Amino acid sequence: MDKKRIYLSCPTMHGDEQRFVQEAFDTNWVAPLGPNVNAFEKEMTEYVGVSHASALSAGTAAIHLALRVLGIGEGDVVFVPSLTFSATCNPVVYEKAVPVFIDSERDTWNMSPEALAKAFQKYPDAKAVIAVHLYGTPAKLDELLAVCKEYNVPLIEDAAESLGSTYKGKHTGTFGKIGIYSFNGNKIITTSGGGMLVSEEEEITKQTTFLATQARDPARHYQHSQIGFNYRMSNVTAGIGRGQLLHMEEHKALKQAIYRKYKEAFSDMPQIAMNPLNTCGDANNWLSCMTIAQGCRITPDMVMDALAEENIESRPIWKPLHLQPVFADCDFVRENEAECVSEDIFNRGLCLPSDIKNTDEDMERIIRIIRNLFQ
Ligand SMILES: *Cc1c(COP(=O)(O)O)cnc(C)c1O
C-alpha cells in the first residue's frame, strides 16, 4: 500500500493558464515574442510596482543579463551571499568576474550587512552586490543598500524565491538597480521555466531585451555590433505566467498558512525553530524551513529520512557556496571569525514540504512524523 505522495513545492495550475496558451495557439503566436510576452511584462510591473520589465527564458538568464548590462566583466569582484542556490553565482563566473562570498546574518538568514561592509574594506573596487531573499524572507534591504550607496555600487536583487514578498510595504525585487524573478517549476508561480528582469530604468530593460534577442542592430541586413543571447521568453510560456499571476495572492496566502501551521505545531518544542522572518517585511514563505537546536540527537538527515520513508519530500538547506568544490578558490567574508552562520544553518536545517496543495490531513501527517521523531 503506497502512502500518498506529499511534495516539497510543485506547480499548481488553475485553468486560466490554458486559456492564454490556447490563445497563443489560436493566433499562431508560438514564438519568443507576441502579445502574451508583452502583457505578462506589463502585468508583472503592475503587480510588483516597478516601471519596466523584460521577460526571459530563466531567472539565471536574468542574472546573467543584469551583470552584462551593468558592464561587469573579467576580473571584477562581485559580492554574493554564500547561502543560496548556485544559480545566483554561476552567471558571475560566465562573465569571468570573481565572486566573493558573504556570510548570512541570524535574523533573516540573508547576506549580512556587517560582513558586506567588511568585504568592501577588503575589496574597495568591487563592482556589484547580488542580494538574495532566501526562501522568500526579505533581506535587510535598508542596511545592504546603505553599504552599496557608500561604495557607489549597484545592488542586483535575486528575488527568484521571493516574488510577492514585501519589505516595508514595497515588493522585493524593486529596491535594487535591477531585480530578477524566476518562474521555474517549483517557484511560487511558474511558467514551467522562465524569468524576468525588472528595473526603474527603461534603458536597462531595453538593453536586456536587445541582448536577449541576439543583439540585432536596427538594420534590415542582420547587423551585429555586440554578442547577443537567445534568452527571450516564449509567448506560450508567457501565457502560463499570465494565468498564474492571477492566482499569485492566493498562492502567497496558502504558503503563509503552511508556515503558520508548522510554527504553531512546533511551538512547544524547544528542539525546533522555524526559519526567521524579517520583522520589516511580509514574506511569501515560498519554503518553510526548520532548524534543530544545537546538541540535539536528531539530525536533519534523520528528519528527511523519516519523511522519505512515508513518501514525503523534503530537502536540505542550500549548501553554502563557499563550501562547494567548484568555488573552493573563492574568498569568503563573515562578521567574525568565531562562527560561520551559513554553515551552521546548513548543518542544522532542512526545508519542509511547502506545497500549496497540501491538505490539513497532509500537514498533520508531516507534523506527526516529525514530532514522533523528537519524542
Ligand atoms: C531558482 C533560483 C534561481 C534560478 O532561477 P531559474 O529560473 O531556475 O534559472 C536563482 N536564484 C535563486 C535564489 C533561485 O532559487
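In terms of the numbering used here, the sequence shown opens at residue 739 and continues consecutively.
C-beta: ideal position from N, C-alpha, C; glycine also.
Only a predicted model underlies this, so the values are computations on that prediction, with no experimental measurement involved.
If we count the other Cβ atoms within 10 Å of its Cβ and call it buried at 16 or more, is G813 buried or exposed?
exposed
Mind checking R970: buried by the 16 CB within 10 Å criterion, or exposed?
buried
With R1053 and L1088 assumed to form a contact (beta carbons below 8 Å), what rounded beta-carbon distance in angstroms separates them?
7 Å
Using only the alpha-carbon positions, how far apart do L893 and S937 sit?
11 Å
What residues in its chain sit with their C-beta under 7 Å from that of Y785, if we drop five residues either side in the sequence?
L983 and M986
Sequence-distant residues of its chain with Cβ nearer than 8 Å to L808 (five each side left out):
K865, A866, P892, I894, K915 and I916
Are the Cβ atoms of G932 and A796 separated by less than 9 Å?
yes
Pairs of beta-carbons, one from the stretch 992–1008 and one from the stretch 883–890, closer than 8 Å: are there three or more?
no
CA-CA distance, P1038 and E1051?
13 Å
Rounding to the nearest angstrom, what Cα-Cα distance links L882 and K908 in this structure?
16 Å
Take L821 as the anchor and find which of A799, F1084 and N1110 has the nearest alpha-carbon.
F1084
Would you say V870 touches ligand 1, meaning its beta carbon is less than 8 Å from a heavy atom?
yes
Among D955, A869, S842 and K834, the one whose alpha carbon lies nearest that of F913:
A869
Alpha carbon of Q1062 to alpha carbon of F1070, nearest angstrom:
12 Å
Can you tell me the Cα-Cα spacing of L1045 and T943, whole angstroms?
44 Å
Which runs of the beta strand (DSSP E) at least 3 residues long sit entirely within the stretch 785–864? Give them in chain order.
790–794, 815–819 and 836–840
Between which residues of its own chain and N1022 is the CB-CB distance below 7 Å, once the five residues before and five after are set aside?
G874, S900, L901, G902, S903, I926, K990 and K993
Quick check on D841 - is its C-beta less than 9 Å from some C-beta in chain B?
Given the protein chain composition of this structure (a single chain), no chain B is represented.
Give the list of continuous alpha helix (DSSP H) stretches no shorter than 4 residues that lie fully inside the stretch 853–935.
879–888
Quick one: Cα of E1081 to Cα of A769, how far?
44 Å
Could you give the distance in angstroms between the alpha-carbon of I996 and the alpha-carbon of E1102?
11 Å
Could you check which residue in A898, A1076 and N776 has the C-alpha nearest to that of T975?
N776
Residues in the same chain with beta-carbon distance under 8 Å from C1027, minus the five sequence neighbours each way, listed in chain order, please.
Y873, M1012, N1013, I1055, G1087, L1088, C1089 and L1090
Any heavy atom of ligand 1 closer than 8 Å to the CB of T826?
yes
Boundaries (first-last residue) of the beta strand (DSSP E) holding I996
Careful: I996 lies outside any beta strand (DSSP E), inside the alpha helix (DSSP H) at M986 to A1003.
Cβ of Y905 within 9 Å of Cβ of P876?
yes
Buried/exposed call for F763, threshold 16 Cβ in 10 Å:
exposed
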